[in-house]
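Chains as they are written, first to last, in my numbering: chain C, 1 to 414; chain H, 1 to 69.
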């Protein structure tokens with residue numbers, strides 16, 4: 001065995017998606033492992049597989065009878081957690097439970113919210129534009145999606161900092177600080193339970209939680225555990241990933257000023273650029289599955305109970321599918337990226353994520369076009385679930401507040 | 001020319017609806033897109049082909065027979 005092979009061997013068997021080394025070298029790791037074996041087996045966290053190639057990730061998404069979203073798939077495991085709904089169900093149940101929320105997540109619903117997102121972005125930027133400096137993650141890209149998701153659920157959107165802290169605790173500290181993660185989950189359970197009780201005593205509204213509470217699947221209403229799991233998933237999906245994408249893109253525009261200049265010059269490119277940032281700077285690196293039976297998949301043997309990470313971010317850099325995959329190319333043709341997954345679990349919030357991202361980017365490029373990163377790009381330490389910037393200090397030429405007098409957030413429409 | 005969206009493969013990514021809203025529409029409660037074949041002759045074929053190429057589920061087929069490229 002050559003030195004290179006033995007190093008690759010270690011890289012595979014010691015692969016730990018929650019480590020600092022992973023966060024700092026993620027795309028180099030994918031590249032090196034792919035040349036050796038695109039179905040990697042790591043010994044970490046009790047052993048798990050990671051699929052890196054596009055076709056493997058895509059095909060595995062389509063065969064839930066082998067690669068299930070059921071209990072026991074997490075790496076590391078989460079003892080005693082309730083299922084998140086609908087993501088922890090397989091077909092046909094996943095579709096049945098998705099139906100309860102589809103009217104909130106359609107392309108039409110997302111487009112209708114565009115003016116609301118833009119007003120909120122305007123107000124948030126007004127708060128710091130005269131100062132000439134900001135933490136753009138803490139002051140724009142985090143509050144905007146968080147306030148929207150809280151408003152959609154019918155929760156008090158002004159409490160977004162608390163909710164964000166809990167969700168970040170759950171997502172980013174699961175492996176590194178399980179006690180803190182568990183404590184954050186308890187806060188979330190408690191607060192959602194109070195919202196459920198409030199609707200039972202005061203009546204339902206037109207919010208998503210009310211919709212889920214009144215919904216039925218196969219003639220049966222959801223039990224309280226399912227309602228809790230549904231609301232929890234909506235918070236998880238909405239509070240972290242869109243900010244992650246925007247932060248990642250802002251870093252790229254600093255690194256490659258020609259991309260920023262082009263987006264300023266040709267704003268009509270933003271939809272294509274959105275897809276390219278989703279591909280190149282995918283926030284959700286991967287999601288887990290559990291193997292249901294001893295079987296062979298694409299020539300590789302799997303045993304029942306083994307866990308597999310479908311690495312969307314690695315698939316999105318697969319040179320067999322994307323020419324020159326490490327290059328950001330707004331003119332790329334055939335960009336079938338898997339940033340939102342594929343198959344029955346395609347991200348429900350994808351339409352909203354795109355529009356929120358485009359609104360935030362266009363407002364930044366219009367109002368703070370000369371921003372520069374003025375300090376350390378601080379990432380969440382654990383990139384294994386969501387690869388995202390936690391703090392991004394920027395400086396820019398101060399500008400005036402918008403002439404529009406602000407309302408108060410997402411829900412301020414009459 | 002004829003365009004098809006395979007209802008079994010489509011998973012509602014809505015990339016086609018974004019690219020060519022005159023040709024594709026979204027069935028909200030079925031979580032999938034469909035094509036309006038009466039409208040496609042008025043749509044730039046380049047957009048239809050782009051929708052075909054960008055669909056993550058490969059659910060779209062553009063049959064170019066008889067079309068002027």
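C-beta: ideal position from N, C-alpha, C; glycine also.
Taking the Cβ atom as the reference point for each residue, do residue i and residue j lie within a distance shorter than 8 Å?
i: residue 383 of chain C; j: residue 53 of chain C; result: no
i: residue 13 of chain H; j: residue 34 of chain C; result: no
i: residue 104 of chain C; j: residue 208 of chain C; result: yes
i: residue 278 of chain C; j: residue 57 of chain C; result: no
i: residue 356 of chain C; j: residue 145 of chain C; result: yes
i: residue 149 of chain C; j: residue 238 of chain C; result: yes
i: residue 101 of chain C; j: residue 348 of chain C; result: yes
i: residue 33 of chain H; j: residue 5 of chain H; result: yes
i: residue 40 of chain H; j: residue 23 of chain H; result: yes
i: residue 17 of chain H; j: residue 344 of chain C; result: no
Need the endpoints of the alpha helix (DSSP H) that residue i sits in, please.
i: residue 107 of chain C; result: 107-112
i: residue 239 of chain C; result: 224-255
i: residue 178 of chain C; result: 178-202
i: residue 147 of chain C; result: 143-153
i: residue 366 of chain C; result: 350-367
i: residue 280 of chain C; result: 270-280
What residue range is occupied by the uninterrupted beta strand (DSSP E) comprising residue i?
i: residue 133 of chain C; result: 133-135
i: residue 290 of chain C; result: 287-291
i: residue 27 of chain H; result: 24-27
i: residue 99 of chain C; result: Taken as a continuous stretch (DSSP letters only), residue 99 of chain C belongs to no beta strand (DSSP E), as it is neither H nor E.
i: residue 3 of chain H; result: 2-5
Rank the options by C-alpha distance to the C-alpha of residue i and give the top, closest one.
i: residue 358 of chain C; options: C/272, C/162, C/45 and C/385; result: C/272
i: residue 381 of chain C; options: C/108, C/13 and C/18; result: C/18
i: residue 37 of chain C; options: C/26, C/282, C/50 and C/25; result: C/50
i: residue 97 of chain C; options: C/137, C/213, C/13 and C/313; result: C/213
i: residue 369 of chain C; options: C/203, C/398, C/42 and C/289; result: C/398
i: residue 181 of chain C; options: C/317, C/47 and C/165; result: C/165
i: residue 12 of chain C; options: C/48, C/197, C/403 and C/156; result: C/48
i: residue 29 of chain C; options: C/285, C/85, C/377 and C/371; result: C/285
i: residue 265 of chain C; options: C/386, C/366 and C/159; result: C/366
i: residue 396 of chain C; options: C/107, C/199, C/99 and C/134; result: C/134
i: residue 360 of chain C; options: C/123, C/176, C/159 and C/195; result: C/123
i: residue 88 of chain C; options: C/375, C/386 and C/289; result: C/289
i: residue 23 of chain C; options: C/227, C/281, C/163 and C/371; result: C/281
i: residue 15 of chain H; options: C/276, C/159, C/323 and C/318; result: C/276
Let's test the definition: count the other Cβ atoms within 10 Å of the Cβ of residue i and tell me whether it reaches 16, buried, or not, exposed.
i: residue 57 of chain H; result: buried
i: residue 320 of chain C; result: exposed
i: residue 1 of chain C; result: Low confidence applies to residue 1 of chain C: its pLDDT is 46, below 50, so where it sits in the model is not reliable enough to give any reading.
i: residue 68 of chain C; result: buried
i: residue 229 of chain C; result: buried
i: residue 342 of chain C; result: buried
i: residue 403 of chain C; result: exposed
i: residue 331 of chain C; result: exposed
i: residue 42 of chain H; result: exposed
i: residue 414 of chain C; result: Legend: pLDDT at residue 414 of chain C = 38, less than 50; position of this residue unreliable, value from coordinates given subsequently. Exposed is the call here.
i: residue 72 of chain C; result: exposed
Is there at least one non-hydrogen atom of the ligand GTP closer than 7 Å to the beta-carbon of residue i?
i: residue 46 of chain C; result: What this structure holds is no ligand at all, so the ligand GTP is not there to describe.
(request) Compile a chain-ordered list of the residues in the segment 312-342 of chain C whose CB is closer than 8 Å to at least one CB of chain H. (result) 333, 334, 335, 336, 337, 338, 340 and 342
(request) Note down, in chain order, all residues in the segment 43-55 of chain H with a beta-carbon under 8 Å from any beta-carbon belonging to chain C. (result) 50, 53, 54 and 55
(request) Give, in chain order, every residue of the segment 77-108 of chain C whose Cβ lies closer than 9 Å to some Cβ of chain H. (result) 95, 98, 99, 102, 103, 105, 106, 107 and 108
(message) Closer than 9 Å between beta carbons: that is the criterion. Which residues of the segment 348-376 of chain C meet it against chain H?
(response) 348, 350, 351 and 354
(message) If the cut-off is 9 Å on Cβ atoms, which residues from the segment 376-392 of chain C count as contacting chain H, listed in chain order?
(response) none
(request) Can you give me, in chain order, the residues of the segment 260-279 of chain C that have a beta carbon less than 9 Å from any beta carbon in chain H? (result) 271 and 275
(request) Give, in chain order, every residue of the segment 1-25 of chain H whose Cβ lies closer than 7 Å to some Cβ of chain C. (result) 11, 12, 13, 14, 17 and 18
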